[in-house]
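If you're matching positions, the sequence shown starts at 33 in the numbering used here and goes up one per residue.
Written below as structure tokens is the structure these notes are about.
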Amino acid sequence: SMALGIATAAGSAGQVVGPPLAQALLERMAWNQVFLVFAAAILAVLLLLPLIRPAPRASRAELEESMGRILGRAFRDPSYTLIFLGFFSCGYQLAFITAHFPAMVTETCAAIPASSPLARLGIGSTSALGALALGVIGLANIGGTLAAGWLGNLLPRKYLLSAIYAGRTLAAALFILMPITPASVLVFSVVMGALWLATVPLTSGLIAHIWGLRYMGTLYGIVFFSHQLGGFLGVWLGGRLYDATGGYGTVWWIGVGVGAFSALVHLPVREARAPLPA
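The following block contains the structure:
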């Protein structure tokens, strides 16, 4: 779990560093040249591939088990279904916040006082605050994801996942029930950021622990489909219900509901290693 946490945190670091770097480059060169700079940086990462240790050898029983057989065992296991269903809310909440939270802050947040520290930092409008909120989420997620990966090696992952989804649910409910101010936006961004991608190393680590590493990529990919389905609905419903109701309240409370659902469905997951066939 710790290794997966480090890898996920690196993605969040890119979310924090990438936008301001892109903006600085755009002030000095054309947009297509900026794409080439980022492409060169991505290709440079390939030079590090020889430093990656080879994967540990699977056991003889794992090598002899076909993909169809492991998929059949997983699909018949209620725990796999619960993990699949639980990951839905992660995608829903993350995609909705990424796509719609800046606009929600712009429309609903109280004005930023001219004498406030935010104004002195150049954040004088709620639209600028909405953009800042996403950066704060990415920054907080670095620490949150590393902490989740570390805790995943010490505590049952299913309980950690349940706690993360419960924490998201509570934070979202309190945020919408209280007056939306610049301070509440920043506090919510820090809390949500700490829980943002903390589910990823725990979910993938849980799958690897129960069903082994040989087909972990396939099993996690299927579970991630649920995440992406939730992401689609979070973005689409956000726009659809905004057009229908004139606000984000309804879709926000749906997110609270699916978060509570995910907190509950992880509790019955059987975290013990699935027995290999004889």
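Don't be surprised by glycine CBs; every beta carbon is placed ideally from N, CA and C.
In this structure, the beta-carbon distance from VAL297 to GLY118 falls below 8 Å. The C-alpha of LEU161 is placed about 10 Å away from the C-alpha of ALA151.
Residue nearest to LEU166 within the set GLY291, ALA295 and GLY46 is GLY46 (criterion: CA-CA distance). Under the three-state reduction of DSSP output, TYR247 falls in the coil class, being neither helix nor strand. In this structure, DSSP gives GLU303 a state outside helix and strand, which the three-state scheme calls coil. Around LEU164, the same chain offers ILE155 as residues with beta carbons nearer than 7 Å, after the five sequence neighbours per side are excluded. Counting the other Cβ atoms within 10 Å of the Cβ of ALA204 gives 16 or more, which makes it buried. With respect to the 8 Å criterion, LEU114 and VAL301 are classified as neighbours on the basis of their beta carbons.
Of the residues assessed, MET136 falls on the buried side of the cut-off, its CB having 16 or more other CB atoms within 10 angstroms. Straight through space, the alpha carbons of GLN260 and ILE254 are spaced by roughly 10 Å. For MET224, the uninterrupted alpha helix (DSSP H) segment begins and ends at 214-227. Counting of Cβ neighbours within 10 angstroms places SER98 among the exposed residues, the total staying below 16. Residue environment for VAL77: exposed (fewer than 16 other C-beta atoms within 10 angstroms of its C-beta).
Take the alpha-carbon of ILE84 and the one of ALA276: they are about 51 Å apart. Around the beta-carbon of GLY291, 16 or more other beta-carbon atoms lie within 10 Å, marking it buried. No Cβ-Cβ contact shorter than 8 Å links LEU229 with ILE239. With respect to GLY184, LEU192 sits close: the two C-beta atoms are nearer than 8 Å. In the same chain as HIS132, and ignoring 5 residues on each side of it, the C-beta atoms closer than 7 Å to its own belong to GLY270 and TYR280, in chain order. Under the three-state reduction of DSSP, LEU209 is assigned to helix.
If you keep only unbroken beta strand (DSSP E) runs of at least 3 residues inside the stretch 65-136, you get nothing at all. In the structure shown, HIS259 falls within a helical segment according to DSSP collapsed to helix, strand and coil.
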